[in-house]
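Chains as they are written, first to last, in the working numbering: chain E, 1 to 372; chain B, 1 to 474; chain Y, 1 to 375. All C-beta atoms, glycine included, are put in the ideal place defined by N, C-alpha and C.
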Amino acid sequence: MPKSIIRARNLTKKFGITQGLVQKLQGQPKMYVRAVDGIDFDVYNKRSLALVGESGCGKTTVGKLIMKLLDVTDGKLWVKGRDITKLTDHRELKAYRRTAQMIYQDPFSSLDPRFKVFDILEEPLLIHGIGDTIDERRAMIEEALEEVRLTPPEEFIDRYPHMLSGGQRQRVAIARCLILHPTFIVADEPVSMLDVSVRAELLNLMKDLMDEEDLTYLYITHDISTTRFFTEDIGVMYLGDLVEKGPVGEVLDNPLHPYTQALLTAVPEPEPDRLDRIKEIPIKGEIPSGTNVPKGCRFHPRCPYAKKICRKKQPREKTVDHKLHRAKCHFAGEIEFKMRVRKVGKGGKVSKVEEIGIDELRDEETVPDELK
Amino acid sequence: MSIRLEDYKERISSIAKEFKGERMGMLGLGIIVFMLILAVFAPWIAPDTDGRWADYDRWADNPRNAAPVWADYILPGSRAPHDIREDFDDMPTDEPGLKVIEYHYHNDYDYPPGDISIRVHGRDESASTVQIWIDWIREDGKEITLLDTSSTVGEESREFEERYTIRSDAGRENIYDWAYTYHMEHHPDDEDPPERVDPSRPLFAYTDENILRDPQSQRGDYVLRIEILGEDLEINEEASRVLFRGQIYGLMGTDSNRRDLAQGWIYGARYALITGGIVSIASIAIATVFGMTSAYFGGWVDEAMQRINEILIGIPMFPILIITIYSIGRSIWVFVAVYTILGWRGLAKIIRSRGIQIRQDTYVEAAVSLGSGSGRIILRHMVPQILPYALAEGALMIPAIIIAEAGLSVLGLGDPTIVTFGRMLDQANRGAATVSGYWWWVLLPGIGIILVGFSFIAAGMALERVVNPKMRQR
Amino acid sequence: MAIFPDDQKTYIHNLQYDISITMPASWKYFALRTLNAVIVLLVVVFLISLLFSHLADEQLEGTVAEEVRGYAQGLPEEMPVEERRQRIEEYRQERIDHYGLEDPFWEKVLRRTWDTFIFDFGDANSMQVPGGEGSAVIEIIMHYLPRTILLFTTSAVIYILLGIAVGLKAAQVAGTRLDKFLSLFGIVTSSMPMWWVGMLAILIFSFGLGWFPASAYPFPVGVEGWEYYSGVLRRMIMPMATIVLVLFGGRAWAVRNMVTSVLQDDYIMAARAKGVPEKKVIYGHTLKTASPPIVTAAILAFLMSIGGAMITEVIFTWPGMGYLLRRAIFEAHDVPVIMGIVFITTFLWVVGYLIADLVYGYLDPRVEVGAEKKV
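This is how it looks when you write it as structure tokens:
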């Protein structure tokens, strides 16, 4: 088993809702949103972890907790054997930030629009006092640009972000991380804002960098289809909780939790010739508000397989075949997943609805071509 | 860590590019630049004005209540311009010790000169007094003796000087006596003839029935003759002169104390820019620091700062200005200080809410995750973003500042040592300019206030549109 | 140490909105706002007392000296010099104690603060109650205040109504030449000093056309009924027209902007798409949404203009508070009167501000103490 570089135990983050003075005076109890609700996970060295889930499920919060952009409310979080919840000294924090970096979702807002590429990449060097002369720093910046395949670097170094394409901007953002030679990168939906055409290219680049630079990623995404290709491990989050986790192949091929299964069916139809089918996720309703987490299993109001126990008791982690593959479902491994498929006839008319077992369907699923 | 000019350069140039497209904004900017030039070069354009505004000797040579020269183009009738005569015609005489000098005046105006002031200066080595006659010879050949007096020659200096104006008691008496005879010709039964017309008007008027009631200007050549009888007489040509005081004067006319309003106006612009500029820049600075601190740190710091700001916003500006200026002193600097102390509060609120938006921009968070400290983030990422915005809001403050200063002047709380638009208007109000019809005295300083105000509003609003993406959508 | 505190606003924005919208504006909101107003008032009164303490003391010393002189003249002539001196000295001390002139500085400031706060301004230094007895500052002010209120409230009602009407019209024709002209008119008039416009009005309508008296003073006396009211009206028209003219353009402009921004809201678009008549869209839907800020801003704008309106009184010699203030500053140098006027102006401002706030809280249930306006 490889060494774990991040270990989270009972990791909890609550956001207090700002109350008006009146509410305080009226003695209303302070309300919280549990963005992350006591989760455990490990990220092993050179085994990147993907966190998947719908927006608002708390996956980005986990990333920010690791980056110390938010303070942990409860629980423990070790990074390379060190409890970073106790990291308060300004200098230590700065040193820590050098080893862990973050790539943001929106390359249009994550780069200061008034900075040239040179300034953007120079800033981390200046902050951490790397490179004594401007020439030295310039060399490093050029090297970083080359690493992210923005070549020749001279062509990009004096440009402003608005003169770059989305993909190029995201490469600059990656270069900004790499220039500090971190060991760990939180990539928060790094491709979701980009054109589909450049997504694969960028993910490939990130994958290559993982080997070249000895990197480990925490890859946050709502697009479960990219995880198989990109990471080794996966965790599925629902409403602040990690409902299923394990090696990516295990989880995707053999989902234990109905929510994971639902996410898998939400993958867009990859085969153009099968546009005659509309798949329906058999879960109902919308994601509930974080202030009001359902009792028992938090997924039960939406779960098509929910039984009485699901409303009463919170499920614990269970394993079925693989010991690292765990799911928080009372019936893990016992459900036969079904999904409804509607056949669409000519002129977009829905002709027929039939239920298909998940295994049957998966045989038809393929990894998108461009990721191969 | 330091602020680098480059952080601001791109922002400035992109703002400048968009600003050029704002027509009103460019107009406002143009006016501001024009006013700035006036303000900077005021001591050269209008020398000897600042500090001597209340010194009436400084303005003694000007006409009183004269309209601006351009009034002739927009109002019916023609007005005599201001005419200073330094040279005279020395007439030959046979009599020893007698000097006769003449000034010729061609009246071609519906409104002849409002006043004639004469100063004769000379030497006489032997006589102890000299006799002086001043005569007015009209177009129609009629003559008036304006003055018949003797002047003492100084024992040491051997010099004499006679100053005379037709508005003096002697002048009035002589002119009215002369006009009275013509008046009586037409109104033999009038026992109580009017004497209220300007003494200069009968001088240039037809000797008809209206000479004391509504004198009508008679065009033609007039001669002012001064005869001086001494013993060994010499007239100092340089120190002697005659002023035909005009009905129109300068670009903006004069007030009832003969002050040149154009010169005052230039200083009015200067002090308006100084007070407005200092107050708004200081307010911007305080508001930026306050608003950014509040926005950046959030939490209880923000809560406490907002609470303080709310109390400040509840304090009315006007009464506080009155009490502080009345009790501390009528100084423009007290005004500047007090207005600044209360002026930043609203601005701070705006900057705070803008700051909260910027703080949530991802690149600020990205900078945190790179390890930036608070100072670096505020100075390098947030302030360059907020500053143009603060400048726009600061420019929008300026009209209110200038109007407040002017208003306090009218209440009697203006700084008596300087010239401001407000003080000029206060003097106009006390000098009954409104009920006497001295429109230029009221209109022009007010236009000064509006011009400064309008230019900053136009520029500020244009800048706001450029820098505030939310407003651009409209 | 996290840079970002726990109230991550974007994250819970929607929730917060839901909570505050269901929160009714409670009496506690009103109580808190009132408390805030009282604090403001106390701060200002304290400032007034602190700044005027020295001047007020000087004037009181003058008063004491005068009283002592009067007392000395009232003493019988045949009194021995020694006794006379002693009696005078005793009397002087008695007066000094009466006014508390030798009390510690802070005690004097605090006493004055409290006295002013409860509207006890004492006696004027040299001014008298016009047509009345004595020189109590509060009585002097009460003599002038009603005329100020008459002028101000009439003008306020007219300009607010006119501003809303014209603003709505401009919003309906947004983008046209008329709309642009109204915007320009609003900008130009709001950068004009109100009292200067008054001076121009006198020039044109009194000097030039002779329609109205240039000075509102003296007020009609000795006449009653119709003659009195028409006399007052004749004097009031110009100052009132001035106030209205200067203020309504800016108000119309603000109303126009608020209405047009509401007109862009989705539900208005929806209403229009559904074919709701344009009149009903503007007067029904839009005005309902836009009215809280319109009302509040109108009250605030009027409060802001109090200074200008008081100076306008000076220009028209309208015998109100502004006129009294100018006389107290310029002619009488009467510190107690100035203190009184400043306090009453502040009081009116703070009360007006409070009303604006409460009106807003009443009309718009979303408002919350301490938090910025949501959405």
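Is the Cβ-Cβ distance between residue i and residue j less than 7 Å?
| i | j | result |
| --- | --- | --- |
| Y/Ile-140 | Y/Ala-124 | yes |
| E/Leu-121 | E/Ile-179 | yes |
| B/Glu-234 | B/Arg-123 | yes |
| B/Leu-443 | B/Ala-269 | no |
| B/Gly-412 | B/Gly-422 | no |
| B/Asn-62 | B/Thr-254 | yes |
| B/Tyr-296 | B/Ile-378 | yes |
| Y/Gly-342 | B/Pro-319 | The amino acid occupying residue 342 of chain Y in the given sequence is Val; Gly does not appear at that position. Their beta carbons are under 7 Å apart, which means Y/Val-342 touches B/Pro-319 by this criterion. |
| B/Pro-68 | B/Leu-251 | yes |
| Y/Val-377 | Y/Ala-171 | This structure leaves residue 377 of chain Y out entirely; chain Y is present only between 1 and 375. |
| B/Gly-28 | B/Trp-265 | no |
| E/Asp-48 | E/Thr-216 | Checking the sequence shown, residue 48 of chain E turns out to be Ser, not Asp. Contact flag set, yes. |
| E/Arg-34 | E/Gly-240 | yes |
| B/Gln-263 | B/Arg-79 | no |
| E/Pro-107 | E/Gly-166 | yes |
Cutting at 6 Å between CB atoms, please list the residues of its own chain near residue i, excluding the five before and the five after it.
| i | result |
| --- | --- |
| Y/Phe-117 | Val-45 |
| B/Glu-162 | Val-120, Ile-132, Ser-151 |
Let's test the definition: count the other Cβ atoms within 10 Å of the Cβ of residue i and tell me whether it reaches 16, buried, or not, exposed.
| i | result |
| --- | --- |
| E/Gln-168 | buried |
| B/Ala-239 | exposed |
| B/Thr-362 | buried |
| Y/Glu-331 | exposed |
| E/Glu-123 | buried |
| E/Asp-188 | buried |
| B/Val-435 | exposed |
| E/Thr-73 | buried |
| B/Pro-445 | buried |
| Y/Gly-275 | exposed |
| Y/Met-79 | exposed |
| E/Ser-55 | exposed |
Leaving out the 5 sequence neighbours to the left and right, which residues in its chain are closer than 7 Å to residue i when beta-carbon positions are compared?
| i | result |
| --- | --- |
| Y/Ile-355 | Ile-299 |
| E/Leu-294 | Contrary to the premise, residue 294 of chain E reads as Pro rather than Leu in this sequence. Excluding positions up to five away in sequence, the list reads Pro-288, His-300, Pro-301. |
| B/Glu-231 | Gly-97, Asp-124, Ser-126, Ala-127 |
| Y/Asp-334 | Ala-124, Asn-125, Ser-126, Met-127, Ala-328 |
Under 8 Å Cβ to Cβ from residue i, same chain only, skipping five residues before and after it: list those, please.
| i | result |
| --- | --- |
| Y/Ile-268 | Val-262, Val-281, His-285, Thr-286 |
| Y/Leu-41 | Phe-117, Thr-346, Phe-347, Val-350 |
| E/Lys-313 | Gly-296, Cys-297, His-330 |
| Y/Gly-322 | Thr-148, Ala-309, Met-310, Ile-311, Thr-312, Glu-313, Val-314 |
What are the residues in the segment 365–379 of chain B lying within 9 Å of chain E by C-beta distance?
Per Cβ criterion, the list reads Glu-365, Ala-366, Ala-367, Val-368, Ser-369, Leu-370, Gly-371, Ser-372, Gly-373, Arg-376.
Are three or more beta carbon pairs between the segment 159–177 of chain B and the segment 111–127 of chain B nearer than 8 Å?
For the pair of segments examined, the segment 159–177 of chain B was found to touch the segment 111–127 of chain B: the number of CB pairs separated by less than 8 Å reaches three.
Any C-beta of chain B within less than 9 Å: which residues of the segment 175–189 of chain E qualify?
Within the segment 175–189 of chain E, the qualifying residues are Arg-176, Cys-177, Leu-180, Val-186.
Using a Cβ cut-off of 8 Å, which residues of the segment 69–96 of chain E contact any Cβ in chain B, in chain order?
Those would be Leu-69, His-90, Leu-93, Lys-94, in chain order.
Pair every Cβ in the segment 341–352 of chain B with every Cβ in the segment 290–300 of chain B, then say whether three or more of these pairs are closer than 8 Å.
Between the segment 341–352 of chain B and the segment 290–300 of chain B, the count of C-beta pairs closer than 8 Å reaches three or more; the two stretches touch.
Residues in the segment 346–359 of chain Y having any Cβ partner in chain B nearer than 7 Å
So the list reads Thr-346, Trp-349, Val-350, Tyr-353, given in the order they occur along the chain.
Using a Cβ-Cβ cut-off of less than 9 Å, list which residues of the segment 379–407 of chain B approach chain E; keep chain order.
For the segment 379–407 of chain B, which is checked against every Cβ of chain E, the residues closer than 9 Å are Arg-380, His-381, Pro-384, Gln-385.
Determine, using beta-carbon pairs with one atom in the segment 4–14 of chain E and one in the segment 221–228 of chain E, whether at least three such pairs fall under 8 Å.
With a cut-off of 8 Å on Cβ pairs, the segment 4–14 of chain E is not in contact with the segment 221–228 of chain E, counting fewer than three such pairs.
Note down, in chain order, all residues in the segment 267–291 of chain B with a beta-carbon under 7 Å from any beta-carbon belonging to chain Y.
Residues passing the 7 Å Cβ filter: none.
Identify each residue in the segment 312–339 of chain B for which the Cβ-Cβ distance to at least one residue of chain Y is less than 9 Å, and report them in chain order.
Identification of residues in the segment 312–339 of chain B having a C-beta nearer than 9 Å to some C-beta of chain Y yields Leu-312, Ile-313, Gly-314, Ile-315, Pro-316, Met-317, Phe-318, Pro-319, Ile-320, Leu-321, Ile-322, Ile-323, Thr-324, Tyr-326, Ser-327, Ile-328, given in sequence order.
Give, in chain order, every residue of the segment 175–199 of chain Y whose Cβ lies closer than 7 Å to some Cβ of chain B.
Those would be Ile-187, Val-188, Ser-191, Met-192, Pro-193, Trp-195, Trp-196, Met-199, in chain order.
Residues in the segment 214–246 of chain Y having any Cβ partner in chain B nearer than 7 Å
Residues of the segment 214–246 of chain Y with a Cβ closer than 7 Å to any Cβ of chain B, in chain order: Ala-214.
What residues from the segment 167–188 of chain B come within 8 Å of chain Y, judged by C-beta to C-beta, listed N to C?
When C-beta distances to chain Y are compared with 8 Å, every residue of the segment 167–188 of chain B stays at or above that value.
I'd like to know if the segment 82–92 of chain E and the segment 253–260 of chain E are in contact, where contact means that at least 3 CB-CB pairs between them fall below 8 Å.
Segments in contact, no.
At a Cβ cut of 7 Å, what residues of the segment 344–366 of chain B count as close to chain E, listed as they run along the chain?
Residues passing the 7 Å Cβ filter: Asp-361, Thr-362, Tyr-363, Glu-365, Ala-366.
Using a Cβ-Cβ cutoff of 8 Å, what residues of the segment 36–62 of chain Y are near chain B? List them in chain order.
Within the segment 36–62 of chain Y, those residues whose Cβ lies closer than 8 Å to any Cβ of chain B are, in chain order, Asn-36, Ala-37, Ile-39, Val-40, Val-43, Val-44, Leu-47, Ile-48, Leu-51, Phe-52, His-54, Leu-55.
Count Cβ pairs between the segment 60–78 of chain E and the segment 243–250 of chain E that sit closer than 8 Å; are there 3 or more?
Output reads no: the segment 243–250 of chain E does not touch the segment 60–78 of chain E.
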